[in-house]
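K.L.:
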Amino acid sequence: MSSFRFLHAADLHLDSPLKGLERHDDLSIDRIRSASRRALDNMVRVAIEHEVAFVIIAGDLYDGSWKTISTGHYMASALGRLIAHGIRVFLLQGNHDAASVLTRDLPLPAGIDRFPSSNPGSFLIDHLGVALHGQSFANRHIPHDMTPAYPTSVQDYFNIGVLHTSLSGHGQHETYAPCTPEALRAKNYDYWALGHVHERMILTDGTPIVFPGVLQGRHIRETGEKGVVLVTVTDHRIESITPITCDVVRWHVAHFDCTGLESMASLEERLGDFLRDMARDHASHLTVVRLIVEGTTQLHDALRRQGPALRETAQHLAAMSGGEIELEKLVLKTSPLVTQSLTRPTEDEIFALSGLIHDAAGDEALLKSLGDELDPFLNTLNLGDIAPDSLLARIRQHDWGSILPELNEALCDSLSGMGDAP
Ligand SMILES: [Mn+2]
3 MSSFRFLHAA
13 DLHLDSPLKG
23 LERHDDLSID
33 RIRSASRRAL
43 DNMVRVAIEH
53 EVAFVIIAGD
63 LYDGSWKTIS
73 TGHYMASALG
83 RLIAHGIRVF
93 LLQGNHDAAS
103 VLTRDLPLPA
113 GIDRFPSSNP
123 GSFLIDHLGV
133 ALHGQSFANR
143 HIPHDMTPAY
153 PTSVQDYFNI
163 GVLHTSLSGH
173 GQHETYAPCT
183 PEALRAKNYD
193 YWALGHVHER
203 MILTDGTPIV
213 FPGVLQGRHI
223 RETGEKGVVL
233 VTVTDHRIES
243 ITPITCDVVR
253 WHVAHFDCTG
263 LESMASLEER
273 LGDFLRDMAR
283 DHASHLTVVR
293 LIVEGTTQLH
303 DALRRQGPAL
313 RETAQHLAAM
323 SGGEIELEKL
333 VLKTSPLVTQ
343 SLTRPTEDEI
353 FALSGLIHDA
363 AGDEALLKSL
373 GDELDPFLNT
383 LNLGDIAPDS
393 LLARIRQHDW
403 GSILPELNEA
413 LCDSLSGMGD
423 AP
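Here our numbering is used: the first residue of the sequence shown is 3, the next is one more, and so on.
(1) Closer than 7 angstroms by C-beta to His200: which residues in its own chain qualify, once you throw out the five before and the five after it? Chain order, please.
(2) Count the other C-beta atoms from every protein chain shown that fall within 10 angstroms of the C-beta of Thr70, then say buried if there are 16 or more, exposed otherwise.
(3) Excluding the 5 residues flanking Ser170 on each side, which residues of the same chain have their C-beta closer than 7 angstroms to its C-beta?
(4) Is the beta carbon of Ala55 less than 8 angstroms from the beta carbon of Arg7?
(5) I need the straight-line Cα distance from Pro2 to Val231, nearest angstrom please.
(6) Leaving out the 5 sequence neighbours to the left and right, which residues in its chain are closer than 7 angstroms to Gly74 when beta-carbon positions are compared?
(7) Can we count Asp17 as close to ligand 1, meaning its CB is less than 7 angstroms from some heavy atom?
(8) So, helix, strand or coil for Ala55, using DSSP?
(9) Rounded to whole angstroms, what is the Cα-Cα separation between Ala100 and Leu263?
(10) Does the segment 307-314 come close enough to the segment 349-361 that 3 or more CB-CB pairs lie under 8 angstroms?
(11) Once you ignore the five residues that flank Asp65 on each side, which residues in its own chain have a CB closer than 6 angstroms to its CB?
(12) With respect to 7 angstroms, is the separation between the Cβ of His198 and the closest non-hydrogen atom of ligand 1 below this value?
(13) Taking the straight line between their C-alpha atoms, what separation do you get for Thr348 and Asp415?
(14) When DSSP builds the beta bridges, which residues end up paired with Thr289?
(15) DSSP on His360, reduced to helix/strand/coil?
(16) Could you please give the first and the last residue of the uninterrupted alpha helix (DSSP H) stretch that includes Ala276?
(17) Report whether the distance from the Cβ of Asp13 to the nearest heavy atom of ligand 1 is below 7 angstroms.
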């Protein structure tokens, strides 16, 4: 019985800038910035620990041409550790590190092979009976299916196709070597090692077609666990395909529900609990969170008035969570409690009400009694919280005659459904 393991990785995007954190000045920023390097170190460690025979990297080792030489140096050091452990490495260039995009390149010593970009190439590992077929991207965009030119499978070998592709069919605007699962399976290979799609995807209905996904999430659209895929092959048959995480920073979208909360104090208490639970659930990783504050709540207006202070409060609570939680962004999506009547008034009713308010604006006696009636009530409200300064001044001066026409307009808009949605 012959058995071997290999690691399939893709989309390392080494030293990719992490989006959405540019203005983030927290302590963890350096750790977050170096995440793609430490994830690469984890990939190397996983390969060595599982004693794999070889590692396939199916495109986008880099995010583009190196900004500094240290990006290439870091990659060289990682790949060097693999070959020092007798692990062979097969590289393919994707759209981000296409031959025409990279202005500098690594030397490729024995033990590291790269698929050519001019035509598909094959590498054989005779003692394992493995054949790998692949073609690198020559340019950033490849609008055609590359697989028809891929070689036919080598008989009695375990055949692996390596390809960077959007796997999205042959649409009009496809620019990343489009193809279909059917076309891939028609090649009669034993495994398709793909790259480009950053979500992990393992299709096993027939020849396995696998995207390991990005090695380390780079922004809030790349949430959840990220890593590589470990494949075990026994007697030329796939025994298992196992995802293994390599990421060191995890992106997470959290929904915090404010429904039923009645004070900022209770909100802070509940949010503190929420973040402590999150810290416990994500204890293994520094977690960067987009906090979406939602729900129907009487705190709707109060939350908006808080401005940047609300984010600061959430950051402090995250810092006190007992884990490593950083806030990427706080998004307010609450809605106010609605106290409108259930039936919409008729146009006649609105017109009649409007007439009453209009008449009232000219009725001195009515305005005075209105002021007398309202005063005790207004004194119990903190109007500074809800009224703009100009309105506040007029209320204090009992200038009802100037307030009523505006009120009339707003009220009629709101009743007829033309006003701003709540
Ligand atoms: Mn990519």
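Where is the CB? At the ideal position from N, CA and C, for every residue including glycine.
P.N.:
Taking the definition as stated:
(1) Asp13, Gly215, Val216 and Glu224
(2) exposed
(3) Glu176 and Pro180
(4) yes
(5) Here the chain has residues from 3 to 424 only, and residue 2 is not among them.
(6) Around Gly74: Trp68, Arg106 and Leu108.
(7) no
(8) coil
(9) 53 angstroms
(10) no
(11) Closer than 6 angstroms at Cβ, skipping near neighbours: His15, Ser18 and His98.
(12) yes
(13) 13 angstroms
(14) Arg252 and Ile327
(15) helix
(16) Note that residue 276 corresponds to Phe in the displayed sequence, not to Ala. It spans Met266 to Asp283 - the alpha helix (DSSP H) in which Phe276 sits, taken as one unbroken run.
(17) yes
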